[in-house]
Amino acid sequence: KEGTLNFFIQSLLLVLISSIVIGIIGVALAKPILTICSGQEDTLEMSIQYFRIVIGFMCFNHIYTAINAALRGLGQTKRTFTTTLISSIFKILFNYLLIDGNLGFPALGIRGAAIATVVSTAIACFINIVHIFRKDSFKQTSLRSKINLLKQINFKDEPYEIIKRFEQDKSPYKQGFSN
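Each number in the working numbering corresponds to the 1-based position in the sequence shown with 57 added.
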């Protein structure tokens, strides 16, 4: 149903926007945040390096998680398991390549671990996006309706209004994403 897919796309757009804002704030305030959370001087600089890379590209993780949650809700647990497994394999591979610099890759240490995390999550995000926009996966909507959806996003909704919409009998989550 087109309304359900539009709701899902709107949710993804809100996730993307919020993760970009959180990423910018996280990168800018990495040192104060980690100083408060950790306070250990000997690991602070390494923590800041890792945190800035991971939080800066957290949008991949947020989108991947949102799509996985929707797919699990639809009962597509094999798809989410497979995507998570592929992501984990890539993370192990890139950790091996980038932390100590194996097979000709540069030794990046903690930055390599952060890059491996981001790359593996981006791969999982890409796999999920390709899956949900396949013609046989969900009913497709035109580009025009997607652009119109962007124009309709209401950023002034109070949280209780959003919750009320989810609890209504015609909630898109209760209807599912496919016909």
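Glycine residues also receive a C-beta, built at the ideal position from the N, C-alpha and C atoms.
| Under the rule that 16 or more other beta-carbon atoms within 10 Å means buried, what is I74, buried or exposed? | Here residue 74 is taken as the residue at index 17 of the sequence shown, counted from 1. It is exposed - the Cβ of I74 has fewer than 16 other Cβ atoms within 10 Å.
| field | Short Cβ contact (8 Å threshold) for K148 with T174 | value | Sequence index remark: in the sequence shown, residue 148 carries index 91 (1-based). Sequence index remark: in the sequence shown, residue 174 carries index 117 (1-based). Yes. Within cutoff.
| Residues in its own chain within less than 7 Å of S20 by CB, not counting five upstream and five downstream? | This structure does not reach residue 20, given that the chain is present from 58 up to 236, and the question cannot be answered.
| So, are the CB atoms of I82 and C182 less than 8 Å apart? | On the sequence shown, position 25 is the one that residue 82 refers to. On the sequence shown, position 125 is the one that residue 182 refers to. Their beta carbons are not under 8 Å apart, which means I82 does not touch C182 by this criterion.
| request: Please name the residue, chosen from S145, A164 and I146, that lies closest to L154 on a Cα-to-Cα basis. | output: As a working mapping, residue 154 is identified with position 97 in the sequence shown. For L154, the closest C-alpha among the options S145, A164 and I146 is that of A164.
| task | Check each candidate in N63, I66, G113 and F64 and name the one with the smallest Cα separation from A87. | result | On the sequence shown, residue 87 is found 30 positions in, with the first residue counted as 1. Per the Cα distances, G113.
| N125 - containing alpha helix (DSSP H), residue span | Taking the first residue of the sequence shown as 1, we reach residue 125 at position 68. First-last of the alpha helix (DSSP H) with N125: M115 to G130.
| Taking DSSP as the reference, what is the three-state secondary structure of D99? | Counted from its first residue, the sequence shown places residue 99 at position 42. Three-state result, D99: helix.
| task | To the nearest angstrom, report how far apart Q106 and I180 are at their CA atoms. | result | In the sequence shown, counting from the first residue as 1, residue 106 sits at position 49. In the sequence shown, counting from the first residue as 1, residue 180 sits at position 123. Approximately 22 Å between the Cα atoms of the pair.
| task | State yes or no: is the C-beta of N125 within less than 8 Å of the C-beta of T137? | result | Start at 1 with the first residue of the sequence shown, and residue 125 comes out as number 68. Start at 1 with the first residue of the sequence shown, and residue 137 comes out as number 80. Taking 8 Å as the Cβ cut-off, N125 and T137 qualify as a contacting pair.
| When you compare each of E102, I172, F108 and L69 to T122 by their alpha carbons, which one comes out closest? | To locate residue 122, count along the sequence shown from 1; it is residue 65. Checked all of E102, I172, F108 and L69; the closest Cα to T122 is L69.
| Sorted by chain position, which residues of the same chain lie with C-beta nearer than 8 Å to T141's C-beta, five sequence neighbours on each side aside? | Position 84 of the sequence shown, counting from 1, holds the residue named residue 141. Only N125 and A181 meet the Cβ criterion.
| request: Please say whether G169 and I184 have beta carbons closer to each other than 8 Å? | output: Walking along the sequence shown from the start, residue 184 turns up at place 127. Walking along the sequence shown from the start, residue 169 turns up at place 112. Their beta carbons are not under 8 Å apart, which means I184 does not touch G169 by this criterion.
| query | In three-state terms, what does DSSP make of F147? | reply | Within the sequence shown, the letter at position 90 stands for residue 147. In this structure, F147 counts as helix in the three-state DSSP scheme.
| field | Cβ-Cβ separation, M115 to I79 (assumed contact under 8 Å), whole Å | value | For the purposes of this step, residue 79 is taken as the residue at position 22 of the sequence shown. For the purposes of this step, residue 115 is taken as the residue at position 58 of the sequence shown. Between I79 and M115, the beta carbon gap of about 7 Å places them in contact (Cβ cut-off 8 Å).
| said: Taking a contact to mean a Cβ-Cβ separation below 8 Å, would you say I77 touches I172 in this structure? | reply: For this step, residue 77 is matched to residue 20 along the sequence shown. For this step, residue 172 is matched to residue 115 along the sequence shown. It is not a contact, given that the beta carbons lie outside the stated cut-off.
| task | Go ahead and label F190 buried or exposed: buried means 16 or more other beta carbons lie within 10 angstroms of its beta carbon, across all protein chains shown. | result | Along the sequence shown, one-based indexing puts residue 190 at 133. Exposed: under 16 other Cβ atoms inside 10 Å.
| said: Please report the distance separating the alpha-carbon of F108 from that of V84. | reply: Here residue 108 corresponds to residue number 51 of the sequence shown, with the count starting at 1. Here residue 84 corresponds to residue number 27 of the sequence shown, with the count starting at 1. Looking at the two C-alpha atoms, the distance is approximately 8 Å.
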